[in-house]
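Colleague: Numbering follows the numbering used here, in which position 234 of the sequence shown is assigned residue number 234; successive positions increment by one, without gaps. Cβ coordinates follow ideal geometry from the N, Cα and C atoms, glycine included. This one's a predicted model, so the numbers in the text were calculated from it and none came from an experiment.
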Amino acid sequence: MRYLIVSDVHGNRDALAAVLEALAGDAFDEVLSLGDLVGYGAEPNGVVETLRALDCPVHAVRGNHDKVAAGIDEGAGFNAVALSAARWTAATLEPEHLEYVRSLPRGPLAVSDGLSICHGSPLDEDEYLLSAGQAARSLAERPVPLTFFGHTHIPTVFAGLDDQVEVAFLDGGGVSFELEAETRYLINPGSVGQPRDRDPRAAYMLYDSAARRVELHRLDYPVEAAQRRILDAGLPPVLAQRLAAGL
Ligand code: ZN
1 MRYLIVSDVH GNRDALAAVL EALAGDAFDE VLSLGDLVGY GAEPNGVVET LRALDCPVHA
61 VRGNHDKVAA GIDEGAGFNA VALSAARWTA ATLEPEHLEY VRSLPRGPLA VSDGLSICHG
121 SPLDEDEYLL SAGQAARSLA ERPVPLTFFG HTHIPTVFAG LDDQVEVAFL DGGGVSFELE
181 AETRYLINPG SVGQPRDRDP RAAYMLYDSA ARRVELHRLD YPVEAAQRRI LDAGLPPVLA
241 QRLAAGL
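#1: Pick out whichever of Asp-199, His-217, Tyr-204 and Leu-206 has its Cα sitting closest to the Cα of Arg-242.
#2: Need the endpoints of the beta strand (DSSP E) that Ile-117 sits in, please.
#3: DSSP has Met-205 in a bridge; who is on the other side?
#4: Taking DSSP as the reference, what is the three-state secondary structure of Val-61?
#5: Which residues in the same chain as Val-111 place their Cβ atom closer than 7 Å to its Cβ, once the five residues preceding and following it in sequence are excluded?
#6: Between the Cα of Asp-197 and those of Ala-135, Leu-130 and Gly-107, spot the shortest distance and give me the residue it belongs to.
#7: Helix, strand or coil: how does DSSP classify Val-245 here?
#8: Given a threshold of 16 other Cβ atoms within 10 Å of its Cβ, counted over all protein chains shown, does Asp-8 qualify as buried or as exposed?
#9: Strictly closer than 5 Å from CB to any heavy atom of the ligand ZN: give me those residues in the order they appear in the chain.
#10: Indicate whether Ala-85 and Tyr-40 have their beta-carbon atoms separated by less than 7 Å.
#11: What does the alpha-carbon distance come out to for the pair Leu-123 and Tyr-100?
#12: Do Val-192 and Tyr-204 count as a contact pair if the criterion is CB distance below 7 Å?
#13: Using CA coordinates, which residue listed in Ala-202, His-151, Thr-152 and Pro-145 is at the minimum distance from Leu-20?
#14: Do you know how far the Cα of Gly-246 is from the Cα of His-217?
The following block contains the structure:
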């Protein structure tokens, strides 16, 4: 099975559309969506509509911004910018798209034998998984061979067994590697719609489970168009500025 893995699209339809356009044809069989479809960006309806219109199975979990936009969580931990964007998103989402976001399950979600997805970490959907220690604890408590996670917006690979876990933050695109047997992995594909590793290009991954090969791609997309939509919508200007900086 060949999976397209997208995370943290954050209402940025321009970025998601560029990814799907780059992969038009026969590049993947199913999609894994790791949460935060909405929040920050100005096209939450466009993003949900695009994902729902895909002609293939989509396995999706909810993110923290999805929860606040859907009214599942009040966003007490959000800063003022995130909260105002979440409220704008809640008011902007069309009823059927709001219902789709509200119905997204909490991760981790088992996709197939040995493969699962979550937003934050397998132990806590809202946890930022950044250290080898956190990853080791998660892999010890939930020994799933391969989990894709999001939330940090930083392409990352944790690999190991029990307390022997190594971390690699992946720089740039065109990174490709094969998964080893007997090793457990927690892998973050980065963010499609709001990268935070100082690389403004959309990030996504492809995973071929037969070849056990993972690829990280980075893709230029019309950042200025996404920025203009944010400003036109009256969302906080900092949300437009950060897209160009990749922060
Ligand atoms: Zn996010």
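Modeller: Quick look at the numbers:
#1: Asp-199
#2: 115-117
#3: Ile-5 and Leu-216
#4: coil
#5: Leu-32, His-59 and Ile-117
#6: Leu-130
#7: Reading off the sequence, residue 245 comes out as Ala, not Val. If DSSP states are grouped into helix, strand and coil, Ala-245 belongs with the helices.
#8: buried
#9: Asp-8 and Asp-36
#10: yes
#11: 24 Å
#12: yes
#13: Ala-202
#14: 15 Å
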